[in-house]
Amino acid sequence: MEVLPLNWKIVKKHVKKFKRPQSNGKIYVKPNWRRRKGINSCVRRKLKGCTLTPNIGYGSDKKTRHFFPNKLKKFV
Numbered sequence: 052m053e054v055l056p057l058n059w060k061i062v063k064k065h066v067k068k069f070k071r072p073q074s075n076g077k078i079y080v081k082p083n084w085r086r087r088k089g090i091n092s093c094v095r096r097k098l099k100g101c102t103l104t105p106n107i108g109y110g111s112d113k114k115t116r117h118f119f120p121n122k123l124k125k126f127v
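Heads up: take any position in the sequence shown, counting from 1, add 51, and you land on the numbering used here.
Structural data, given as structure tokens:
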């Protein structure tokens, strides 16, 4: 089992899940993320105050990815 050095910090950049916009209103729209493709969509245009979109910048550090808070690596 792989263990991280003690001085490395595990930083999770985004812990909350990205929810699908307007998934709270209708039952048939599941909360799984889907990219908005509408012409006037404020999420697609990235206006202030709208839902955040997932992108590569939210990814974890490559050295500490797949590690638990006790610094042990996930083993399947």
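Here a beta-carbon is modelled for each residue, glycine too, at the ideal position from N, C-alpha and C.
In this text, all values refer to a predicted model and were calculated from it rather than measured experimentally.
Option in the options with minimal Cα separation from residue i
i: K60; options: F69, K113, T104; result: K113
i: R87; options: F118, N58, L103; result: L103
i: V66; options: E53, V80, P105, L98; result: P105
i: V62; options: V127, K97, Y79, R116; result: R116
Residues near residue i in its chain [Cβ-Cβ closer than 7 Å; skip 5 each side]
i: C93; result: C101
i: V80; result: R71, Q73, S74
Bridge partners - residue i, DSSP secondary structure assignment
i: G54; result: In the sequence as presented, Gly is not what sits at residue 54; that position holds Val. Answer is L123, bridged to V54.
i: F69; result: In DSSP, F69 forms no bridge with anything.
Cβ shell of residue i (< 8 Å), same chain only, five flanking positions each side left out
i: G89; result: R95
i: F69; result: W84, T102, L103, T104, P105
Residue i and residue j closer than 9 Å at C-beta
i: K77; j: G110; result: no
i: F118; j: L57; result: no
i: V53; j: K99; result: Contrary to the premise, residue 53 reads as Glu rather than Val in this sequence. Cβ distance not < 9 Å, so E53 and K99 don't count as in contact.
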